[in-house]
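Below: one structure, written as structure tokens.
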Amino acid sequence: MQNLWKIVGSPRYILIFEAAARHGSFTRAAAELNVQQPAVSAAVKRLEQALGAPLFRRSHKKVELTPAGARFYAETSKGLHQILEAAHAVQAGARNAIVTLCASTAFNTYWMMPRLRTLRDLHPNIDLRLQSSDREPDIDDGGITLAIRRGDGRWPGCHAALIAEETIYPIASPALMTAAELRHKVDILGHTLIHLEEPVRERPSWKDWFDAQGCNVAIPPSGLRLNDYALVLNAAISGEGIAFGWNHLARPLVRKQLLNARMDWSWRTGMGFYLVWSKSRPLSENAERVRKWFVSAAAIK
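First residue of the sequence shown? That's -7 in my numbering, and the numbers climb one at a time after it.
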């Protein structure tokens, strides 16, 4: 390769020559390469000087390859095509290795992170990238492989696999729950309510929960209002009030005695949290492995 530098001066001249020869025009080559036409002409001239032979016949309206230019083009275009194919192969391999999961901060923190070691032990060569979002992910975004969505499992253009049914119950720190002595559901209203108010995603409210429990009550305007469920869980653990416990995220914290829960007051909304992926873009081998792992991990209660 050192000899190539000595002979042609710069590989950039070969790229410019190939474009000019392919188009049969310095002007069109300049447009393709996003440079000025004089830059193409100068690069070709330097290449001709380095090779010691004219590559083009120039006239007022067009340029044509000389016999030497035609031979050089045939060989260089073949070589550049092979380089392009090799680059595509490397890109495809990289895309196959990388799997990007888009989910809420709370899901990535409280569902995914505790299970991440298991996935890595099973598939150590998969480059899994967790992406947190405050809105429902666009699965047709080329940067997203898999995503978690709340809904009924029916989205146009998406496959979906149920990860968890949506089950909600009141949670609070052990100290607060013990002190509260909640005998009836309406007793919750005597304590600070922690509200989840996300700016984009639709989520159930305390009013929805009370209505589902058959309690026609007015929700106090006061309380702690947060825009991220990870913050809601942290606030509940810290004893700031009573919050919603989404079962698939709160249950491990209850098991660790970081939270107490009134699971006997559970509300099954009929919705769920789903792993989704595009119907229009087949999953890579690694993404398919992650998808299967998700389904099996979700089955473990």
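Beta carbons: idealized from backbone N, C-alpha and C, even for Gly.
- For residue 237, the number of other beta carbons within 10 angstroms of its own is at least 16, and it is reported as buried.
- Boundaries of the alpha helix (DSSP H) around residue 221: 221 to 229.
- Per DSSP, reduced to three states, the secondary structure at residue 200 is helical.
- Contact annotation: the segment 257 to 276 touches the segment 148 to 166, with at least three C-beta pairs closer than 8 Å.
- With a cutoff of 7 Å on beta-carbon distance, residue 187 and residue 215 are scored as near each other.
- Judged by DSSP in its simplified three-state form, residue 127 adopts coil rather than helix or strand.
- Here residue 44 carries a coil assignment [DSSP, helix/strand/coil].
- Here residue 35 is buried: its Cβ has 16 or more other Cβ atoms, across all protein chains shown, within 10 Å.
- Taken through DSSP and simplified to helix, strand or coil, residue 116 comes out as coil.
- Taking C-alpha positions only, residue 68 is separated from residue 12 by approximately 12 Å.
- Rounded to whole angstroms, the gap between the alpha carbons of residue 141 and residue 164 is 25 Å.
- Excluding residues up to 5 positions away in sequence, 209, 211, 212 lie with their Cβ nearer than 8 Å to the Cβ of residue 181 in the same chain.
- Here DSSP, grouped into helix, strand and coil, assigns residue 246 to helix.
- About 7 Å separates the beta carbon of residue 245 from that of residue 229, a gap short enough to meet the 8 Å contact definition.
- Every beta strand (DSSP E) of 3 residues or more that sits fully in the segment 138 to 210 is shown, in chain order, as 138 to 143, 150 to 164, 186 to 188.
- An exposed status is given to residue 167, since fewer than 16 other beta-carbon atoms sit within 10 Å of its beta-carbon.
- Annotation: residue 205 to residue 257 spans about 8 Å, alpha carbon to alpha carbon.
- For residue 4, the enclosing alpha helix (DSSP H) starts and ends at 3 to 15.
- Distance from residue 192 to residue 127 at the Cβ level is roughly 4 Å; contact confirmed, criterion being Cβ atoms closer than 8 Å.
- In the three-state reduction of the DSSP assignment, residue 56 falls in the strand class.
- As computed with DSSP, residue 267 is found in a beta bridge with 140, 153.
- Here DSSP, grouped into helix, strand and coil, assigns residue 275 to coil.
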